[in-house]
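Notes follow the structure.
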Amino acid sequence: MPKATTTDISLTKSYIPKVSKIPGISPTIAQFYKPIENRNIHEGRVVDQAYYKSNNIERLFTNIRFNCLFQINEPIVPRFILDFYSQVTVQTDEYGYLVISFMIQHEFITLTLAQFGQILKIPYNGQAVFTNEWDLASLEYSRETEGPYCTDLPTPDDIRRLLELERVMVDRTIKSQTVSLNPNQILTKELSPDMKQWEELIRENVFGLGGHRDHLPACLAHMLYCVVAEEQYNLAYFFVKRIQCARATPTANLPYGMFLTRLYRHVMEMYPHLDNGTSSHQHDDDDDDVETSRASTPSPTTYLNSLGPLNYQNYQMPSASEQTDETLFERQTTLLNQTQQMCKEMRGGFKSFGKALKGVFSKKKK
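If you read the sequence shown in my numbering, its first letter stands for residue 323, the second for the next number, and so on.
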């Protein structure tokens, strides 16, 4: 699988729309978009069948529903990504459940974590933790200690033992300085050749590019542990936390380009009255015999012509007697009532702003 580079991601600049430079746009709206449209988009990688069928990737990843990481192959919808990240917020309801909200034109959209996971077709239950740190010890102090995402995590010793890691070096040079590694800091070269392929696939579609690729982030090591141990992993939790982190970091890349196309489809299906005339960026296979491809060639088509319908399933909320510890739909009826009220209140505050956005987004009819 050819490794993507930061050069690849910088190419996204060629198709990110510059909303702030639209003639006649108000300074207020321009300032709203400018910090986001100057970012790069982490699109994700299209994985060839020959790659994920090797070294037990397909079987092991499917066991914990990580097969979603090699079944992603979507056109990028840059304007939707721009709109999404310019407004997305992540909050916690009174019971501790994550709620993700954003506004498209005049519609304020709120999703529970489970709904977000369903739409993106990624796992939304299992072990949940988020940290950007390298040291495995960071997993324990980053985890939630109460509420619906409280998780009993493996210890650093558990992770090292199950991954069969063997320390290959004790010192590392950082900026011309020799730094001694502690046992909880894992280098990618310590992984077996098979596991290195798993790591590359997860990194490309969950973590993105940049950073120090010679070492293993704590969360990535934890994901590899879950693959080997066949433990369910809450990928939706990680996605939402990383989206929140990227939104708050002025220089961060905007993650999950291809996955967010599925969210776009859902929005267009649920709100068909919204303006859908914009361009997409289609993935084309690379030349020669490479095993993955990245988005490379612009294809200016309308949203609905370039994207097929979303196969979205409406899930029934369980009654109180049906709720179990393994179900993340606990108290969903209450939460949905709360979010409906939230939408009602927020629409009032966003009304005038929504009108301005609608004027920016709408295409002139021929």
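Here a beta-carbon is modelled for each residue, glycine too, at the ideal position from N, C-alpha and C.
Nothing here was measured: the structure is a model prediction, and the numbers come from that model.
Query: Three-state class that DSSP yields for Asp370 in the structure shown; Result: coil
Query: Bounding residues of the alpha helix (DSSP H) (the contiguous stretch that carries Gln499); Result: It is not in any alpha helix (DSSP H) - Gln499 instead sits in the beta strand (DSSP E) that spans 499–502.
Query: Which listed residue (Ile565, Ile441, Leu596) has its alpha carbon closest to that of Pro410; Result: Here residue 410 is Val; the residue named in the question, Pro, does not match the sequence. Ranking the options by Cα distance to Val410, first place goes to Ile565.
Query: Rounded C-alpha distance that separates Tyr419 from Ala436; Result: 9 Å
Query: Strand pairing of Phe452, partner residues [DSSP]; Result: Paired residue(s): none; Phe452 is not in a bridge.
Query: Continuous alpha helix (DSSP H) stretch holding Gln353: start and end; Result: 349–359
Query: Assigned exposure category for Glu512 - 16 Cβ within 10 Å defines buried; Result: buried
Query: Any non-hydrogen atom of the ligand FAD within 7 Å of Ala558 CB; Result: This structure simply doesn't include the ligand FAD, nor any ligand for that matter.
Query: Closest by C-alpha distance to Lys340, when choosing among Asp405, His364, Glu396, Gln393; Result: Asp405
Query: Distance between Val412 and Ile481 (C-alpha atoms, nearest Å); Result: 30 Å
Query: The alpha helix (DSSP H) enclosing Glu429, as first and last residue numbers; Result: Here Glu429 belongs to no alpha helix (DSSP H); instead the beta strand (DSSP E) covers 429–434.
Query: Ile338: first and last residue of the uninterrupted beta strand (DSSP E) it sits in; Result: From DSSP, Ile338 is part of no beta strand (DSSP E); its letter is neither H nor E.
Query: Cys548 versus Ser348: straight-line alpha-carbon distance, rounded; Result: 49 Å
Query: Of the listed residues Gly448, Glu462, Asn447, nearest to Asn454 (C-alpha basis); Result: Glu462
Query: Per-residue DSSP class, three states only, for Leu509; Result: strand
Query: Run of the alpha helix (DSSP H) containing Leu404, from where it starts to where it stops; Result: 400–409
Query: The stretch 460–476 / the stretch 572–585 touching (three or more Cβ pairs under 8 Å); Result: no
Query: Touching by the beta-carbon criterion (3+ pairs, under 8 Å), the stretch 552–563 and the stretch 420–436; Result: yes
Query: Cβ shell of Ile379 (< 8 Å), same chain only, five flanking positions each side left out; Result: Tyr373, Phe392, Gln519, Trp520, Leu523
Query: For Ile394, the nearest candidate out of Lys335, Ile444, Asn385, Leu503 (CA to CA); Result: Ile444
Query: Integer Cβ distance of His603 from Tyr337, believed to fall under 8 Å; Result: 5 Å
Query: Own chain residues within Cβ distance below 6 Å of Ser342, not counting five before or after; Result: Ala352, Tyr355, Lys356
Query: Contained beta strand (DSSP E) runs [length at least 3] in the stretch 440–489, N- to C-terminal order; Result: none
Query: Extent of the continuous alpha helix (DSSP H) run through Leu333; Result: Element bounds for Leu333: n/a, residue is neither H nor E.
Query: Host beta strand (DSSP E) of Leu420 (start-end); Result: 420–426
Query: Start-to-end residues for the alpha helix (DSSP H) that takes in Glu380; Result: 379–385
Query: Sequence-distant residues of the same chain with beta carbon closer than 8 Å to Ser376, five excluded per side; Result: Gln519
Query: Residues of its chain near Phe452, where Cβ-Cβ distance is below 6 Å and the 5 sequence neighbours each way are ignored; Result: Phe560, Lys563
Query: Pair within 8 Å by beta-carbon distance, Asp536 and Thr510; Result: yes
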